[in-house]
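Going down the list, the protein sequences come from chains A and B.
Everything in the first sequence is counted per my numbering, starting at 7 for the first residue and increasing by one.
Everything in the second sequence is counted per my numbering, starting at 7 for the first residue and increasing by one.
2 protein chains.
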Amino acid sequence: MNIMPEQLEMITEQFKTLKDRSPFYAKKFDGIDLAAIKTQEEFETLPFTDKGDLREAYPLGLTAVPMEKIVRIHSSSGTTGTPVIVPYTKKDVEDWAVQFARCYEYAGVTPADRVQITPGYGLWTAGIGFQAGAELLGAMAVPMGPGNTEKQIQFMMDMETTVLTATASYALLLAEEIEKRGIQDKIKLKKLITGSERAGEKIRNRIIEALGVEYYDIYGLTEVYGPGIGISCQHSHGMHVWSDYVYLEIIDPDTGKVLPDGEWGEIVLTTLQKEGAPLIRFRTHDLSRIIPGECACGHNEHPRIDTITGRSDDMMKIHGVNVFPAQIEEILATFPELSSEYQIRLSHLDGRDTMRIYVETNGSVDWEDLRKRVASSVKAKIGFTPLVKIVELGLLPRSEKKTKRVFDERYD
Amino acid sequence: MNIMPEQLEMITEQFKTLKDRSPFYAKKFDGIDLAAIKTQEEFETLPFTDKGDLREAYPLGLTAVPMEKIVRIHSSSGTTGTPVIVPYTKKDVEDWAVQFARCYEYAGVTPADRVQITPGYGLWTAGIGFQAGAELLGAMAVPMGPGNTEKQIQFMMDMETTVLTATASYALLLAEEIEKRGIQDKIKLKKLITGSERAGEKIRNRIIEALGVEYYDIYGLTEVYGPGIGISCQHSHGMHVWSDYVYLEIIDPDTGKVLPDGEWGEIVLTTLQKEGAPLIRFRTHDLSRIIPGECACGHNEHPRIDTITGRSDDMMKIHGVNVFPAQIEEILATFPELSSEYQIRLSHLDGRDTMRIYVETNGSVDWEDLRKRVASSVKAKIGFTPLVKIVELGLLPRSEKKTKRVFDERYD
Chain A
7 MNIMPEQLEM
17 ITEQFKTLKD
27 RSPFYAKKFD
37 GIDLAAIKTQ
47 EEFETLPFTD
57 KGDLREAYPL
67 GLTAVPMEKI
77 VRIHSSSGTT
87 GTPVIVPYTK
97 KDVEDWAVQF
107 ARCYEYAGVT
117 PADRVQITPG
127 YGLWTAGIGF
137 QAGAELLGAM
147 AVPMGPGNTE
157 KQIQFMMDME
167 TTVLTATASY
177 ALLLAEEIEK
187 RGIQDKIKLK
197 KLITGSERAG
207 EKIRNRIIEA
217 LGVEYYDIYG
227 LTEVYGPGIG
237 ISCQHSHGMH
247 VWSDYVYLEI
257 IDPDTGKVLP
267 DGEWGEIVLT
277 TLQKEGAPLI
287 RFRTHDLSRI
297 IPGECACGHN
307 EHPRIDTITG
317 RSDDMMKIHG
327 VNVFPAQIEE
337 ILATFPELSS
347 EYQIRLSHLD
357 GRDTMRIYVE
367 TNGSVDWEDL
377 RKRVASSVKA
387 KIGFTPLVKI
397 VELGLLPRSE
407 KKTKRVFDER
417 YD
Chain B
7 MNIMPEQLEM
17 ITEQFKTLKD
27 RSPFYAKKFD
37 GIDLAAIKTQ
47 EEFETLPFTD
57 KGDLREAYPL
67 GLTAVPMEKI
77 VRIHSSSGTT
87 GTPVIVPYTK
97 KDVEDWAVQF
107 ARCYEYAGVT
117 PADRVQITPG
127 YGLWTAGIGF
137 QAGAELLGAM
147 AVPMGPGNTE
157 KQIQFMMDME
167 TTVLTATASY
177 ALLLAEEIEK
187 RGIQDKIKLK
197 KLITGSERAG
207 EKIRNRIIEA
217 LGVEYYDIYG
227 LTEVYGPGIG
237 ISCQHSHGMH
247 VWSDYVYLEI
257 IDPDTGKVLP
267 DGEWGEIVLT
277 TLQKEGAPLI
287 RFRTHDLSRI
297 IPGECACGHN
307 EHPRIDTITG
317 RSDDMMKIHG
327 VNVFPAQIEE
337 ILATFPELSS
347 EYQIRLSHLD
357 GRDTMRIYVE
367 TNGSVDWEDL
377 RKRVASSVKA
387 KIGFTPLVKI
397 VELGLLPRSE
407 KKTKRVFDER
417 YD
C-alpha cells in the first residue's frame with residue numbers, strides 16, 4: 007500500500023526533531039539521518055521498533071516531550087517480564103477519544119445509544135478508551151468494568167443497554183448466560199463491539215445468534231493509543247484503520263520485507279500525531295492483510311485490514327510443523343456437533359511432543375466416532391494426529407476477560 | 007450561613023423549570039410553587055431529598071434532561087437495597103473535572119506532580135474523578151485502580167509518584183507496608199489526598215509519620231458529582247466546599263432545623279449547576295459543622311466544613327446510650343500503647359447488648375492492665391463498660407478499600 011502524501015509529510019515533519027526529543031529515539035536511530043528520509047522507499051529502510059525496545063525504555067524512557075506535558079500513563083499487563091509504560095499528552099488523550107468516537111460512528115452508534123463497558127480500567131487501555139469515545143460521541147456510557155456477570159445482566163436490562171463492549175470471550179459468556187436464563191426478550195442489545203483477542207467465525211456466530219446483535223471488531227494496542235485506531239464498518243468484515251493517525255504496513259514476519267496488499271503478514275504501525283511516545287515501524291505481531299479494493303461504505307481513505315488471525319508469536323512448532331491456533335479452530339468449526347469452545351494443550355511425553363485438543367459436545371453424539379473424525383481431519387489438513395478429548399458441553403472454562411485456549415506445557 | 011446572592015439566583019433560576027424537567031421533581035414538589043421561592047427563609051421550608059427518594063427513582067427517574075443528553079451514569083454501591091443511579095450530562099462531567107482540578111490546586115499539586123490513583127473505577131465515582139481532575143490540571147495520572155499492593159509500591163517507586171490518592175484505610179496499609187520494607191527513602195511522596203471514609207487523628211498521624219506527607223481531605227459523594235466538591239487547603243483542617251457548585255446547609259438531624267455556623271449537625275447540599283440530576287436539599291447523613299471565621303488561604307468565598315466525624319446513620323444505641331464510632335476511636339487514640347487500628351463488635355448475649363472492642367499492642371506492655379484502663383476510660387467517658395480484647399500488633403485486618411471497623415451482630 008502506498009504511503010499517502012499527507013502521511014509522508016507528517017512523518018518527515020516529526021523526523022525533523024524526533025532524535026532530539028528523547029534519548030530513546032536518539033539511540034534507536036543512531037547513525038541514521040532521519041531528516042534525509044523523503045520517500046516511501048527510504049522510510050522502508052528504517053529499523054523496526056519492537057516490544058523489547060519499549061521494555062528497555064522502562065519506566066519513562068519513551069517520553070518524547072518535557073515530562074510536565076504528560077497527563078497520563080498506561081501500561082501493558084507485563085505478565086511476562088518488564089511492563090511497557092506508554093506516556094500520553096493531553097493531545098494524545100483527546101486524539102484517542104476522537105478516534106474512538108469515530109469507531110462508534112462507523113458502527114452506527116448514536117447519542118441515543120447506551121454503551122455498556124465491560125473491559126477493565128486503570129493501567130489497561132480498554133475501559134477508559136471505550137468510555138471516553140462513547141461520551142465524546144454523546145452516547146450514554148454505562149461504566150461497569152470487568153466481571154460480576156449478575157450485575158452486568160441486571161444493568162443490561164435496567165439501563166436498556168443497546169451496545170455491549172467486551173472481549174469476545176466475555177461476550178460469549180454473557181450470551182450463554184442470557185440464553186440459559188431465557189431472558190433474550192428483556193435485552194435491548196443491538197450491537198456488540200469486541201476487541202483485544204482473536205475470535206473465529208464459530209464463536210462470533212454463536213454470540214450473534216444468541217444475542218441477535220450486529221458484530222463489530224475494534225482494533226488497537228496499548229503501545230499505539232489503545233483500542234480504537236480502527237473498526238469494522240457496516241459493510242465489511244475488515245477493519246478500517248485511521249490513516250490520519252497511523253501509517254500501516256504489512257511485513258513478512260521472517261524477512262521484514264513489506265508485502266503487497268492482499269498478502270498475509272504482520273501489521274507494522276507508525277504513529278503520525280502521537281506526542282508522548284511516537285512509534286516508528288512498530289511490530290505489533292498481529293497477523294492480518296490489507297484488503298485490496300474499495301469498501302461499500304465509501305471510506306476508502308482509511309485502509310482495511312482483515313480480521314486478525316493470530317499473533318506471529320502464537321505459532322506452535324510441533325513435529326516440525328508450524329501451526330497457528332486459528333488453523334485448529336477453523337478445523338473444529340467445521341464440526342457442527344462441537345461447541346465454539348476448545349482447548350489446545352501441548353506437552354512433551356515419552357520423548358515426543360504431543361498435542362491434545364479438548365472439545366465439547368452433548369450426549370446425543372457418538373463420542374468415539376466424533377473423536378476419530380476430528381483427529382483425522384487435523385491429520386489431513388495439518389499433517390499430524392493429535393489426541394482428541396471430548397468433554398460435556400459447558401465443561402471447558404469461560405472467562406470474563408480473555409479465555410486462554412492454548413497451553414504449551416512442554417517446557418514447564 | 008447566609009445564602010450568597012449568586013447562589014440564590016442560581017437556585018431560583020433552576021426552580022423556574024425544575025418540576026417540568028422530570029416526573030421525579032414534579033412528584034417531589036407536588037403542591038409547592040417553586041417559582042415563588044425568593045428568599046433563604048422560603049428555601050428552608052422546602053422538603054429534604056433523601057437517599058430513599060433517589061432509590062425510588064431507579065433506574066433513570068432522576069434524569070432532568072432529554073435522555074440523549076446523558077453521557078454517563080454512576081451508581082452508589084447498592085450493597086444494601088436498590089442502587090442509586092446518577093445520570094451526568096457532558097457539562098456535569100466537565101464541571102466535576104473543573105472542581106476536582108481546583109481540589110488539586112488547593113492541595114498545591116502542579117503539572118510537575120505524578121498522581122497515583124488507587125480508588126476504583128467503573129460505576130463508582132472515585133477513580134475516574136481523581137484521574138480527570140489530575141489530567142485537567144496537567145499533572146501525570148498514574149491510574150492504578152484498587153488493590154495489588156506489590157505493584158502499587160513498585161509503580162510508586164518507578165514512576166516517582168509525588169501524590170497518593172487513596173482511602174485512609176489503604177493509605178495506612180501502604181504506609182505500614184513501606185515502613186516494614188524500609189523503603190521510605192525510595193518513595194518520593196509529598197502529598198496524600200484521602201476521601202470517602204472517616205479517619206481519626208491517630209490514623210492520620212500514623213500515615214503522615216510513616217510517609218512524611220502533607221495530608222489532604224477531599225469531600226464528595228456519588229449523588230453530588232462524586233469526590234471533589236471540596237478539599238482541605240494548606241492552612242486548615244477544614245474542607246472548603248465549592249460555593250459556585252453547591253449550596254451548603256448544616257441541619258439538626260432530628261428536627262431538620264438549619265443550625266448556625268459552628269454547630270455540629272448533618273450536611274445538606276443543593277446543587278447549583280448540575281443538569282443531569284439536580285438535587286435540592288439532599289441529606290448526606292455526613293456529620294460536620296461550618297467552621298466560622300476566615301481561612302488563612304484567603305478563599306473565603308468557599309465555606310469550610312470540619313472533618314467529617316461520622317454519619318448520622320452510624321450511631322449505635324447500646325444500653326440506652328447513643329454512641330458514635332468516632333467517640334470510641336477518640337478514646338482509644340489517647341492510649342499511645344495502642345496502634346491506630348481497632349474493631350468494635352456489638353452482640354446480644356444472655357439477654358443484653360454487649361460491646362467488644364478489639365485493639366492492638368505489642369508484647370512489651372502489661373496486657374491485663376491496659377485492658378482494664380481502656381475499659382474504664384470508655385466507662386468514664388461514655389457511661390458503660392465494654393469488653394476489651396487485646397491482640398498482637400498487625401492482627402486486625404487492613405483493607406485496600408474502606409476498612410470495616412464496626413460490626414453490629416445483634417440482629418443477625
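Where a beta carbon is used, it is the ideal one built from N, C-alpha and C, also for glycine.
Sheet register partners of residue i (DSSP bridge)
i, result
"A/S238", "A/M245"
"A/Y225", "A/G236"
"B/Q122", "B/V148, B/L170"
"B/R351", "B/R362, B/F413"
"A/S294", "A/G271"
"B/Y110", "Answer is none; B/Y110 lacks a bridge partner."
Span of the alpha helix (DSSP H) around residue i
i, result
"A/R287", "Where A/R287 is concerned, there is no enclosing alpha helix (DSSP H), given that its DSSP letter is neither H nor E."
"B/V384", "373-388"
"A/I337", "331-339"
"B/L195", "Element bounds for B/L195: n/a, residue is neither H nor E."
"B/K323", "B/K323 -> not in any alpha helix (DSSP H); beta strand (DSSP E) instead, spanning 322-324."
"B/Y31", "29-34"
"A/Q137", "132-143"
"A/E47", "46-49"
"A/R61", "57-62"
Residue i: first and last residue of the uninterrupted beta strand (DSSP E) it sits in
i, result
"A/F161", "Here A/F161 belongs to no beta strand (DSSP E); instead the alpha helix (DSSP H) covers 155-164."
"B/N211", "Looking at the DSSP string, B/N211 is not in any beta strand (DSSP E); the run it does join, the alpha helix (DSSP H), is 207-217."
"A/V5", "In the structure as shown, chain A begins at 7 and stops at 418. Residue 5 of chain A is therefore absent and cannot be evaluated."
"A/T18", "Note, A/T18: premise wrong, no beta strand (DSSP E); alpha helix (DSSP H) at 11-21."
"A/E398", "393-398"
"B/I79", "76-81"
Buried versus exposed call for residue i [16 or more other C-beta atoms within 10 Å across all chains shown]
i, result
"B/T391", "exposed"
"A/R212", "buried"
"A/Q20", "buried"
"A/I257", "buried"
"A/E156", "exposed"
"A/I189", "exposed"
"A/T340", "exposed"
"B/P259", "buried"
"A/H80", "buried"
"A/L254", "buried"
"B/G206", "buried"
"A/A216", "buried"
"A/T45", "exposed"
Whole-angstrom distance between residue j and residue i, CA atom to CA atom
i, j, result
"A/C239", "B/T95", "28 Å"
"A/L393", "A/K263", "37 Å"
"B/P298", "B/D36", "36 Å"
"B/Q158", "B/E203", "21 Å"
"B/K25", "B/L275", "19 Å"
"A/H305", "A/H246", "8 Å"
"A/V371", "A/L399", "12 Å"
"B/E406", "A/S353", "39 Å"
"B/I38", "B/E12", "23 Å"
"A/R234", "A/I314", "In the sequence under discussion, the amino acid at residue 234 of chain A is Gly, which differs from the Arg named in the question. Each residue's Cα considered, the two are about 15 Å apart."
"A/L52", "B/S83", "52 Å"
"B/P403", "A/L142", "42 Å"
"B/D312", "B/V115", "22 Å"
"B/I363", "B/L198", "29 Å"
Where residue i falls: helix, strand or coil (DSSP)
i, result
"A/V99", "helix"
"B/P93", "strand"
"A/M73", "helix"
"B/V115", "coil"
"B/I184", "helix"
"A/Y127", "coil"
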